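So the protein sequences, as listed, match chains A and B. So for the first sequence, the numbering used here puts the first residue at 1; every next one is plus one. So for the second sequence, the numbering used here puts the first residue at 232; every next one is plus one. Here's the structure we're looking at; comments come further down.
There are 2 protein chains.
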Amino acid sequence: MKLPRARGAASSGPARTPPGPQGGEGARRRFERQLPAQRRAALIAATIECLKRYGHDGLSIRTISAQAGVSVGLINHHFPNKDELVAAAYRHFNRELVEGLKEAVARAEKTPAARLRAFLAASFSPPNLDADVLAVWVVFWGMYRHSRPIQRVQRDTYADYVRLVHEMLADLLGGAVGTRARRTRRVDLRLAAIGLTALIDGLWLEWCLEPGRLRPREAVALCEGWVEGLR
Amino acid sequence: MKLPRARGAASSGPARTPPGPQGGEGARRRFERQLPAQRRAALIAATIECLKRYGHDGLSIRTISAQAGVSVGLINHHFPNKDELVAAAYRHFNRELVEGLKEAVARAEKTPAARLRAFLAASFSPPNLDADVLAVWVVFWGMYRHSRPIQRVQRDTYADYVRLVHEMLADLLGGAVGTRARRTRRVDLRLAAIGLTALIDGLWLEWCLEPGRLRPREAVALCEGWVEGLR
DNA sequence: GCCGCTATTGTACGGTCGTTCAACAACGGC
DNA sequence: GCCGTTGTTGAACGACCGTACAATAGCGGC
Numbered sequence: 001m002k003l004p005r006a007r008g009a010a011s012s013g014p015a016r017t018p019p020g021p022q023g024g025e026g027a028r029r030r031f032e033r034q035l036p037a038q039r040r041a042a043l044i045a046a047t048i049e050c051l052k053r054y055g056h057d058g059l060s061i062r063t064i065s066a067q068a069g070v071s072v073g074l075i076n077h078h079f080p081n082k083d084e085l086v087a088a089a090y091r092h093f094n095r096e097l098v099e100g101l102k103e104a105v106a107r108a109e110k111t112p113a114a115r116l117r118a119f120l121a122a123s124f125s126p127p128n129l130d131a132d133v134l135a136v137w138v139v140f141w142g143m144y145r146h147s148r149p150i151q152r153v154q155r156d157t158y159a160d161y162v163r164l165v166h167e168m169l170a171d172l173l174g175g176a177v178g179t180r181a182r183r184t185r186r187v188d189l190r191l192a193a194i195g196l197t198a199l200i201d202g203l204w205l206e207w208c209l210e211p212g213r214l215r216p217r218e219a220v221a222l223c224e225g226w227v228e229g230l231r
Numbered sequence: 232m233k234l235p236r237a238r239g240a241a242s243s244g245p246a247r248t249p250p251g252p253q254g255g256e257g258a259r260r261r262f263e264r265q266l267p268a269q270r271r272a273a274l275i276a277a278t279i280e281c282l283k284r285y286g287h288d289g290l291s292i293r294t295i296s297a298q299a300g301v302s303v304g305l306i307n308h309h310f311p312n313k314d315e316l317v318a319a320a321y322r323h324f325n326r327e328l329v330e331g332l333k334e335a336v337a338r339a340e341k342t343p344a345a346r347l348r349a350f351l352a353a354s355f356s357p358p359n360l361d362a363d364v365l366a367v368w369v370v371f372w373g374m375y376r377h378s379r380p381i382q383r384v385q386r387d388t389y390a391d392y393v394r395l396v397h398e399m400l401a402d403l404l405g406g407a408v409g410t411r412a413r414r415t416r417r418v419d420l421r422l423a424a425i426g427l428t429a430l431i432d433g434l435w436l437e438w439c440l441e442p443g444r445l446r447p448r449e450a451v452a453l454c455e456g457w458v459e460g461l462r
């Protein structure tokens, strides 16, 4: 159960580097005060980095504070307890994912097919398609059942994701207008969105657990084939 | 981080009940020796039970030994260390899943369609469809990247599962015989098996994370629809 | 240049962790 | 009934855990 102590934040923050432009030898500043918002962001980033590197074992106050280049006590100054820090990290992680996908869709041509293709391509390429990222999700999922804050975040953000998928499918499959046709279409749409989400998640999971078995473009093709089959 | 101490094994083992038929008061036996194989099995069962109940937090020597109704020292008498116990539990868990599915398939009528239906029905009903079970998988997945023993087990048993799906799809889609047709069919089969596996896993995951969103029979229908679309 | 606010430090505390090991006791063989 | 084998116990160890808190020090306002 031993972890290599995280050497001061490689990439995520200012770390323990005694800052300041002048190289004065004796009396250099020992730390740099930051605005709460900045520090909180840095701590959240450090938390995610630790999860990526060490999985569940990385989720300790000492590991995270070392990664952030900060003392153990600081975390409890900015967050009431560890659970809240983790929940904040989960919220950030989720938001980054969904916003990344939305941006990819926005950058695509305006046809529904192109938008879906862009969405799938983004789903199955870095930074999302990364075995480290699985380790992060897995830890969050594992806490889901026993942590209220995590449940709250899950409900908030997952709805966003489903809405995005739902909306793209609606565009693609077109809208019938007759009330009766609309009702059936609705049911179909709901199930279709669930199915597509499941297929994406499942393929993504398979790739992360055993990258050799499946190429990203094959995953995209499978998803497009599924959507094709809907019409 | 506090756990309610597991009260002596409710269902999995003989627990701490001082055994023996006679109710002699003073000098009752304080424990019962068991064959190594039996004890190992009981410890594995206790490990899985703890994972179901407490998730990752249940994965401690003290929690597990309490669940098994046994002292802390005993685990290291039967397993060299915790990792090996967990890997053994993972192997057992995987084997139970795959064998349960195989049996369900074997009980079904002999037509390929009925076999697939039985397979899907078993996948989306207890004991597999259970949020507690997700908690177990999630812990194992989380260890996958850093634990050699877990990786070994994963490689061994996941292959079994994929082979089962692959074989059922092959039966259903029928075998073309021309060498060229066969080759294309092979490629399709590989991808189809991966896709179906992903769809099942993804739907299963969605159900576990938010049971209200999806009914089991809808999940089965989605999978059957996917297979239907293949021909 | 000094002051006040507060972000930050680092030690301390009580607790749980995985593993070790000497002592103990169940039980089959005689 | 005693003995030897060995499954089992439970205390002990050192390491790490999350949190609390008094002391420290960066830095903007004056």
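Positions of the beta carbon are idealized from the N, C-alpha and C atoms, including for glycine. All values derive from a computational prediction rather than experimental measurement.
Counting only unbroken stretches of 4 or more residues, the alpha helix (DSSP H) elements lying wholly within the stretch 64–112 of chain A are 72–78 and 82–107, in sequence order. At least 9 Å separates the CB of A:Leu-164 from every CB of chain B. For A:Arg-145, at least one C-beta of chain B is nearer than 9 Å to its own C-beta. Of the residues A:Glu-206, A:Ile-75 and A:Arg-39, the one whose Cα lies closest to the Cα of B:Tyr-389 is A:Glu-206. Annotated as proximal: A:Ala-42 and A:Ala-68, with beta-carbon spacing under 9 Å. Excluding the 5 residues flanking it on each side, B:Lys-313 has same chain C-beta neighbours closer than 7 Å at Ile-292, in chain order.
About 32 Å separates the Cβ atoms of B:Gly-286 and A:Leu-222, ruling out a contact at the 8 Å cut-off. B:Gly-373: member of the alpha helix (DSSP H) spanning 362–375, first to last residue. Contacts between B:Ile-306 and chain A, judged by CB atoms closer than 9 Å, are missing: the closest CB pair is about 15 Å apart. Chain order gives the chain A residues near B:Arg-444 as Ile-194, where near means a beta carbon separation below 8 Å. At a cut-off of 9 Å between beta carbons, B:Arg-379 makes no contact with chain A. Judged by DSSP in its simplified three-state form, A:Phe-119 adopts helix. Remark: C-beta atoms of A:Leu-199 and B:Ala-429 approach each other more closely than 9 Å.
Per DSSP, A:Arg-30 lies in no alpha helix (DSSP H) segment and is marked neither H nor E. Membership of B:Gly-456 in the alpha helix (DSSP H) is indicated by the continuous run 447–460. Restricting attention to B:Ala-276, B:Ser-378 and B:Leu-395, the CA atom closest to the CA of B:Val-301 is found in B:Ala-276. DSSP, reduced to helix, strand and coil, places B:Pro-442 within a helical segment of the structure shown.
For B:Pro-380, the enclosing alpha helix (DSSP H) has its first and last residue at 379–404.
Taking 9 Å as the cut-off, the Cβ atoms of A:Val-86 and A:Pro-149 count as close. Residue contact with chain A for B:Ala-353: absent (no Cβ-Cβ distance below 9 Å to any residue of chain A). It is roughly 35 Å from the alpha-carbon of B:Arg-386 to the alpha-carbon of A:Asp-160.
For B:Cys-439, same chain residues with a beta-carbon under 7 Å away, outside a window of 5 residues either side, are Ala-362 and Leu-365 in chain order.
Counting only residues of its own chain and dropping the five nearest sequence neighbours on each side, A:Val-165 has a CB closer than 7 Å to the CB of Ala-193, Leu-196 and Thr-197. Annotation for A:Ala-170: Leu-189 place their beta carbon closer than 7 Å to its own, counting only its chain and skipping 5 residues before and after.
About 7 Å separates the Cβ atoms of B:Asn-325 and B:Val-384, confirming a contact at the 8 Å cut-off. With a threshold of 9 Å between beta carbons, A:Tyr-158 makes contact with chain B.
Looking only at B:Leu-282, B:Arg-270 and B:Ala-349, the smallest Cα-Cα distance to A:His-146 is reached by B:Leu-282. Under the three-state reduction of DSSP, B:Leu-290 is assigned to coil, being neither helix nor strand. For A:Gly-142, the chain B residues whose C-beta falls within less than 7 Å of its own C-beta are Gly-286, His-287, Ala-366, Val-369, Val-370 and Gly-373, listed in chain order.
Going by DSSP, A:Leu-51 is part of the alpha helix (DSSP H) stretching over 36–54.
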